[in-house]
Amino acid sequence: MVQNLEYIAAMLLYVTGLGIMLFHSNLIKKIIGMNIMETAVFLIFIAAGYVRGGQPPIALPGEPLLLPVNPLPQALILTGLVVSVSITAYALALLREIYRHFGTLDAAEIARRKGELT
Amino acid sequence: MLTVRSLLLALLLLSALAVARTRDLLSAAVIFAGYSLIMATVWQQLRAPDIALAEAAIGAGITSLLFIVTVARTGRYEK
Amino acid sequence: MTTHLVVLPILVLLVAALILPLVREPRRASLIGVSALAAAFLLWLALAFLVMRQGAISYHLGGWPPPVGIEVIADKLAVFFGLTVFLVAIPTAVFAGVDMPAEAPEPALSSFWTLYLLLVLSLLGLAQAGDLFNMYVFLEISSLAACALVAVVNRPANVEAAFKYLLLSTVGSGCVLLAIALLYMITGQLNLAFLARELEHQAPLYPKNVIGAGTFLLVGLGVKAAIFPLHTWLPDAHASAPSPASALLSGLVVKVYVVVMVRIVWGTLGRAFFTLLPFKSVLLLLATISIFLASILAMAQTDLKRMLAYSTVAQMGYIFLGLAAGSRTAFAGAILHIFNHALLKGALFLAAGAVIWRTGRRRLAELVGVGHTCPLTLSFFAIAALGMVGIPGTSGFVSKWFLLVGMLQQSSPLLAWVVLISSLLNAAYYFPVIILGFFGHGTDNELRFHLDRIPPELLLPAGSLALVSLFFGLWPSFPLHLAQDIAHDFFL
């Protein structure tokens, strides 16, 4: 049950993030939704490696690690975190160019103006 | 212990919903920074201190800064 | 030394990709790019030779054995896809050396070459990845590099298409990561071989995790491989990208996700998974819709590159159809179609790029009579287009023949009809371009017939791809045997 709590929260966050991506036409909102969705996936991964009453997987000299939580998901999610930041940064850079070209960040408006261009 | 975690998760959900609700993009960016900070605390509760540090620096710091700069250069309100 | 050969091609490309941002001069940058690709190709050929002689090689990064360490594998599937990658990427790179300065401003050029090499190395990495997380990292590299290649040219359509592509492919990566999490949860393994072994015991105990993982994998890889309801980003991105980038994206990038899917779903999840989820039936349905919808939409296009992009969606449908048809012959046909379609679509996009370079026109109506001014280029286009339709003697015929035979062996004539009727649809949009190009009279073009005034750096890559694919249509034994071996290893 204790672990299920994280899974349920992560699933709800995933749906919220996906909803923001799908139902908001503002592109900045879409990127925020994407970030929420990704953190939800990270939460599932980390919760999978959690051990009830466990210690952080950091060994200090002289102190044995009695019950460490699984360190592997943490190492992986650290990579995922960095990837998600770089994607966000690149997406925001693209957004600035979109704003320069179209003068708006509204997806419906952009589609309309693109139709006018061609 | 359990209550702290459920409280944090509830806050996380609430801030995600608040991001979805607000029409002001600047406050959406700021709420997202708060979301990342709560997330960092959740990582700490799940005994993942290195991710907590990274989330606080990258998620709440750099990402929010990028969002705020972008909002400042484009438009503040969602149509 | 011999085992280090497994990762050397990727390392060569990585080093070159990191040096290239320092190179300011565009000609030198393209020279470095092409020579790095050539060097990696030679190393890959040596690796392919080793694998063909000794069988699959497993390389442990840093000397750590799996399941702790990262495993890189060179088996027949990896070697096959890697050869496809180099056969398309090297001519395209030669083409880009002349074409890109005309399409992009000078500061964008050095980043173009970095992204190009990063994309190629991520394709090789995906084909060779032996564990799931390594796969995820290369997946992200490939989608970021591919999006950035679309946006190298800063035009409104490009930036918008790149953003859409980025958003959707990030959702796809998220789905794949979720699938990885679900599998890790029940097995505690990321290495594919160990995961497969563990899953035999765990799958019956936790069917929900396996079903969830399969669904998210289908969605995640489906977005990236542009299968029917998830294909909407592809025409925008592939049509607006600069021509060499289009050739790479359409020819190779969408297909690497099929290779990944074969490795994970067929190679790892295995039989237990297919009994839990009607994966193949869903794939068959989506593939059939993909083929027909994309073929019909391709007919409606007025832009040459957009038409080619829709044709890619349809051809990806054939590959999925063959994989899911449930016959080993059709599976081999699908794997062979990865190779054939890569060469053909590369040739088509490069020929289209050369025509656009020469005339500046890309609308189909303006390309009437273009055969008078670019006869050789249009001939290469025609050869590749015939291959797409599947005229006997071309390479497209061979793979479609195997798809057909497989479906008839499986006694599913309905699927055979899908392949046959859609071939007619292919002809319906490719032939008008060729016929009107050679025999139509354009409104304002010079009626006098003369040879293409196109530099050989543009003409030769398109021509070599078309002729190589023609060669493998007439003598298909090498790729065919490789595809049959892969089908033998992976088919379930």
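Line order of the protein sequences matches chains A, B and C.
Number 60 in this note's numbering belongs to position 60 of the first sequence; there are no gaps in the numbering.
Converting from the second sequence to this note's numbering requires adding 1000 to each position, the first position being numbered 1.
Converting from the third sequence to this note's numbering requires adding 2000 to each position, the first position being numbered 1.
Glycine residues also receive a C-beta, built at the ideal position from the N, C-alpha and C atoms.
Practice task
Per DSSP, which residues does C:H2060 bridge with? Please list them.
Solution key: DSSP lists C:E2071 as partners of C:H2060.
Handout entry: Three CB pairs or more closer than 8 Å across the region 2140-2148 of chain C and the region 2275-2283 of chain C
Key = Touching, no, given that fewer than three Cβ pairs across the two stretches are closer than 8 Å.
Practice task
Report the neighbours of C:T2185 on chain A: residues whose CB is nearer than 7 Å to its CB, in chain order.
Solution key: The question names Thr, but residue 2185 of chain C in the sequence shown is Met. Among the residues of chain A, those whose CB is under 7 Å from the CB of C:M2185 are A48, following chain order.
Exercise for the section: Would you kindly report the start and end of the unbroken alpha helix (DSSP H) that includes C:C2147? Expected result: From DSSP, the alpha helix (DSSP H) with C:C2147 extends over L2132 to V2150.
Exercise for the section: Give a single yes or no on whether B:P1049 has its beta carbon closer than 7 Å to a heavy atom of the ligand PLP. Expected result: Annotation note on the ligand PLP: not contained in the displayed structure, which lists no ligands.
Problem - Euclidean distance between Cα positions of C:L2144 and A:V85 - result: The straight-line gap from Cα to Cα measures roughly 12 Å.
Problem - Validate contact between the region 2361-2381 of chain C and the region 2107-2118 of chain C using beta carbons, cut 8 Å, 3 pairs - result: No: fewer than three Cβ pairs fall under 8 Å.
Handout entry: Selection of the region 1057-1072 of chain B by Cβ proximity to chain A, strictly under 9 Å
Key = Answer set for the region 1057-1072 of chain B: I1058, G1059, I1062, T1063, L1066, F1067, V1069, T1070 and V1071.
Handout entry: Top-ranked residue by Cα proximity to A:R112, from C:I2338, C:G2333, C:P2156 and C:L2177
Key = Considering only C:I2338, C:G2333, C:P2156 and C:L2177, the residue with the shortest C-alpha distance to A:R112 is C:P2156.
Practice task
Taking C:Q2189 as the reference, give the member of C:D2131, C:I2141 and C:V2137 with the closest Cα.
Solution key: Among C:D2131, C:I2141 and C:V2137, the Cα nearest to that of C:Q2189 is on C:D2131.
Practice task
Could you tell me whether the Cβ of A:L81 comes closer than 8 Å to any Cβ of chain C?
Solution key: Cβ-Cβ to chain C under 8 Å: no for A:L81.
Handout entry: First and last residue of the uninterrupted alpha helix (DSSP H) at A:E97
Key = DSSP places A:E97 in the uninterrupted alpha helix (DSSP H) bounded by P71 to F102.
Problem - Pairwise C-alpha distance: A:A10 and C:L2364 - result: Those two C-alpha atoms are separated by around 49 Å.
Exercise for the section: Using a Cβ-Cβ cut-off of 8 Å, state whether A:L92 counts as contacting chain C. Expected result: When Cβ-Cβ separations below 8 Å define contact, A:L92 makes no contact with chain C.
Exercise for the section: Sort B:L1017, B:W1043 and B:T1022 by Cα distance to B:V1004 and report the nearest one. Expected result: Looking at the Cα atoms, B:W1043 is the closest of the given residues.
Problem - Close Cβ partners of C:A2351 (< 8 Å) along its chain, the five nearest in sequence each way excluded - result: Within its own chain, the residues whose Cβ lies closer than 8 Å to the Cβ of C:A2351, once the five positions on either side in sequence are excluded, are T2377, L2378, F2380, F2381, A2384, A2462 and A2466, listed in chain order.
Handout entry: Chain-ordered neighbours of A:I98 on chain C, where CB pairs are closer than 7 Å
Key = Contact note: A:I98 reaches chain C through V2159, E2160 and F2163, using a C-beta cutoff of 7 Å and chain order.
Exercise for the section: Using a Cβ cut-off of 8 Å (strictly closer), state whether C:G2214 contacts chain A. Expected result: Closer than 8 Å: no.
Exercise for the section: Would you kindly check if the distance between the Cβ of A:L105 and the Cβ of A:N26 is under 8 Å? Expected result: Closer than 8 Å, so yes.
Handout entry: Boundaries (first-last residue) of the alpha helix (DSSP H) holding A:I58
Key = The continuous stretches of alpha helix (DSSP H) do not include A:I58, and DSSP gives it neither H nor E.
Exercise for the section: Could you check what DSSP says for A:N4 in three-state terms: helix, strand or coil? Expected result: A:N4: helix per DSSP, three-state reduction.
Handout entry: Cross-chain neighbours of A:I32 in chain B, by beta carbon under 8 Å
Key = Near A:I32 (Cβ distances below 8 Å), the residues of chain B are V1019, A1028, A1029, F1032 and F1067.
Exercise for the section: State yes or no: is the C-beta of C:L2217 within less than 8 Å of the C-beta of C:A2179? Expected result: Contact: yes.
Problem - Candidates B:A1054, B:T1070 and B:G1075: closest to A:V83 by CA position - result: It is B:A1054 whose Cα lies nearest to the Cα of A:V83.
Handout entry: Alpha carbon of C:V2258 to alpha carbon of C:L2166, nearest angstrom
Key = Those two C-alpha atoms are separated by around 19 Å.
Handout entry: Sufficient close CB pairs (3 or more, under 8 Å) joining the region 2229-2239 of chain C to the region 2311-2331 of chain C
Key = Contact holds: three or more Cβ-Cβ distances are below 8 Å.
Exercise for the section: Measure the Cβ-Cβ separation of A:I98 and C:E2160 and say whether it is below 8 Å. Expected result: In contact: A:I98 and C:E2160 (Cβ atoms closer than 8 Å).
Handout entry: Whole-angstrom C-beta distance between C:V2098 and C:P2455, which should lie under 8 Å
Key = The C-beta distance from C:P2455 to C:V2098 rounds to 6 Å, short enough to fall under 8 Å.
Exercise for the section: Determine the extent of the alpha helix (DSSP H) in which C:N2340 is found, giving its start and end residues. Expected result: C:N2340 -> alpha helix (DSSP H) spans R2328 to T2359.
Exercise for the section: Check the Cβ of C:N2134 against every Cβ in chain A and list those closer than 8 Å, keeping chain order. Expected result: Residues of chain A passing the Cβ test: none, with the nearest at roughly 10 Å.
Exercise for the section: Note down, in chain order, every chain C residue with its Cβ under 8 Å from the Cβ of A:F102. Expected result: Neighbours of A:F102 on chain C, chain order: P2156 and E2160.
Problem - Contact with chain A by B:T1003, beta-carbon distance below 8 Å - result: For B:T1003, the answer is no, since every Cβ of chain A falls outside 8 Å of its Cβ.
Handout entry: Proximal residues to C:F2438 (C-beta, below 7 Å), its chain only, five neighbours per side dropped
Key = So the list reads G2371 and L2378, once near-sequence residues are dropped.
Handout entry: Per-residue burial, A:I46 [other beta carbons within 10 Å of its own, 16 or more giving buried]
Key = Buried is the call here.
Exercise for the section: Could you list the residues in the region 2357-2391 of chain C with a C-beta less than 7 Å from some C-beta on chain A, going in chain order? Expected result: Cβ contacts with chain A: none found.
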